[in-house]
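Each remark here refers to the structure printed beneath this line.
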Amino acid sequence: MRESFTDEGIILRVEERGVADKYVTCFTKNHGRVRFVAFGAKYQKSAGGRILQVLTKVNIEFVPGKIIDKLINVELAELPQKLDFTQLAYAAVLAEVTELFTVDHQSDEEVYEHLLAALALLPKKLPRVVVLAYCVKLLASTGFNPRLGECCQCNKPLEKDEDVFFSLRYGGVLCATCHEEKDFPLNAEILEFYEKFLAMDLHEPQPLEIKGSQLMQMEKIVSEFILFQVDKPLKSLRYLNQVGL
8 MRESFTDEGI ILRVEERGVA DKYVTCFTKN HGRVRFVAFG AKYQKSAGGR
58 ILQVLTKVNI EFVPGKIIDK LINVELAELP QKLDFTQLAY AAVLAEVTEL
108 FTVDHQSDEE VYEHLLAALA LLPKKLPRVV VLAYCVKLLA STGFNPRLGE
158 CCQCNKPLEK DEDVFFSLRY GGVLCATCHE EKDFPLNAEI LEFYEKFLAM
208 DLHEPQPLEI KGSQLMQMEK IVSEFILFQV DKPLKSLRYL NQVGL
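Shown next, in the form of structure tokens:
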């Protein structure tokens, strides 16, 4: 029998399989993304099954498997915080993008700390800003940060206040000469805001003054870039659009 491991983590997704079992995706502090099966977790008398809920912080013990890990024990690490409807909808985005951009059994403590901080910040700050800042940091931490300092096509350093465009295809900005018609126009303010989001301390964020139109443009760029990278629609983003959040 393989040696078991213990860790703390945040439940990202729970699927019910068959009559009694749950398949769970959890992002842990020391083991990265962990996918495990919790046998019998659907039974009403299963204490572990009641704990295994999305966004819950848990202490888990599991045994690595060839295809999927096996849950040995789970305990509640702390009481779940109270989130309203809007905050829960945006928290679902945090969970989904974390699962998509992390790797099984590859530790990334920086992402884990960012996720904890973002979840704690949702009831205190505008959820749109919290999620946007987290997504920008997640892209950078996982190696998907777009190139913003020079043209991705000709490598020319960009001048201050130069008209530039954001290219999904090239993964960053293009100068006026190299851009294509489908690329998004960007101005210096939006590039500056991107850097501010990247540098934001999610534990103690400084006040950020941003207009609604600027926030919408930032959201469009980041969300389209994420969708291009994962090459599939995000259920959480689709739900936000459906309910008008």
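Mapping of the sequence shown onto the working numbering: residues 8 to 252, in sequence order.
Ideal placement from N, C-alpha and C gives every residue a C-beta, glycine not left out.
What you are looking at is a predicted structure, and each value in this text was computed from that prediction instead of being measured.
Please determine whether the Cβ atom of residue i lies at a distance below 7 Å from any heavy atom of the ligand SAH.
i: V136; result: Ligands in the displayed structure: none, and consequently the ligand SAH is not present.
Measure the CB-CB distance between residue i and residue j and report whether it falls below 8 Å.
i: F34; j: T149; result: no
i: V44; j: L83; result: no
i: K36; j: E15; result: yes
i: V81; j: G39; result: no
i: L215; j: T93; result: no
i: L181; j: C158; result: yes
From the DSSP secondary-structure annotation, give me the bridge partner or partners of residue i.
i: V171; result: C182, L193
i: D14; result: I67
i: R57; result: Partner(s): none; R57 has no beta bridge.
i: E157; result: P164
i: F253; result: Not covered by the structure: residue 253. The range shown for the chain is 8 to 252.
i: D111; result: G39, R40
Whose CA, out of the options, lies closest to the CA of residue i?
i: M225; options: L126, K73, S243, F200; result: F200
i: L101; options: K144, I67, Q160, K49; result: K144
i: Q60; options: R20, C161, A127; result: R20
For residue i and residue j, I'd like the C-alpha separation in whole angstroms.
i: V41; j: E169; result: 44 Å
i: T105; j: T63; result: 14 Å
i: N248; j: L241; result: 11 Å
i: R135; j: L155; result: 22 Å
i: L209; j: F151; result: 20 Å
i: I217; j: S114; result: 34 Å
i: L175; j: E23; result: 36 Å
Where do the N-terminal and C-terminal ends of the beta strand (DSSP E) with residue i fall, by residue?
i: A27; result: That residue, A27, is in no beta strand (DSSP E); it is neither H nor E in DSSP.
i: R42; result: 39–45
i: I79; result: 76–83
Considering residue i, what are the terminal residues of the alpha helix (DSSP H) in which it resides?
i: G219; result: 219–237
i: N248; result: 242–250
i: Y119; result: 116–128
i: R176; result: Note, R176: premise wrong, no alpha helix (DSSP H); not H, not E.
i: L139; result: 134–148
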